[in-house]
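Worksheet for the structure shown next.
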Amino acid sequence: MEVGEVLQKGLPFPILRVMEYLSVDRTGFLWGKQYRLAGYYTMAALWLAFALWLLQLIFLCAVPSKFGQISLFCGLTSLFADCVYAWYTPGATDFFLMFPGPINDDSNPQKLHFHLSTCFYIILLSGMSSTFVGLLLWLLEEKTSFQLETFFSTYLDGYSKKFKKSEKIREYGEQ
């Protein structure tokens, strides 16, 4: 649709202006392409992180010994998604749109700046915390005889984890 047709429909001009700037993909106007690429790759990475999170919940109940590793991978995937988005989007000082000002204000143009918002920082925080918890659990499991108990206190670690020689000696010594 042309801009005139959608204006006659009653769509707001500022939103149409942003859509127009982001849809242009000609020489010198690569902002729209950069935002589309950032969104495409970030969406793929976030869906992968969501799938790993669902797998993490299943592993917590079924195979608790792998919970730390899956938590670590889920956090790293979330951090990767944030890094991809920050890498592909233009900087806050590089990209802004000019809008005509209010009619009674001598029509001074106003700038619309694009910047990283709350969702970016929430995903960054959740990725860092998931990575920290996953790394902590993984190190506790590898370096000590730490066992993660599930809600029903089932010990599936004994059936799914390879024990070190010192742990086998401790088990036989206690009997």
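Heads up: the sequence shown begins at 3 in my numbering, then just goes up one per residue.
Even for Gly, the Cβ is constructed at its ideal location relative to N, Cα and C.
If you're wondering where the values come from, they're calculated on a predicted model, not measured in any experiment.
{"Check": "C-alpha distance - residue 136 paired with residue 43, whole-angstrom precision", "Outcome": "24 Å"}
{"Check": "Own chain residues within Cβ distance below 6 Å of residue 76, not counting five before or after", "Outcome": "51, 54, 55, 58 and 132"}
{"Check": "Helix, strand or coil at residue 13 [DSSP, three-state]", "Outcome": "coil"}
{"Check": "At least 3 beta-carbon pairs within less than 8 Å: the segment 82 to 92 vs the segment 110 to 124", "Outcome": "yes"}
{"Check": "Inter-residue Cα distance where the pair is residue 170 and residue 128", "Outcome": "With a pLDDT of only 49 at residue 170, under 50, the local geometry of the prediction cannot be trusted, and no value is derived from it."}
{"Check": "Pairwise C-alpha distance: residue 130 and residue 74", "Outcome": "9 Å"}
{"Check": "Where the alpha helix (DSSP H) through residue 145 begins and ends", "Outcome": "120 to 145"}
{"Check": "Residue 115: first and last residue of the uninterrupted beta strand (DSSP E) it sits in", "Outcome": "112 to 115"}
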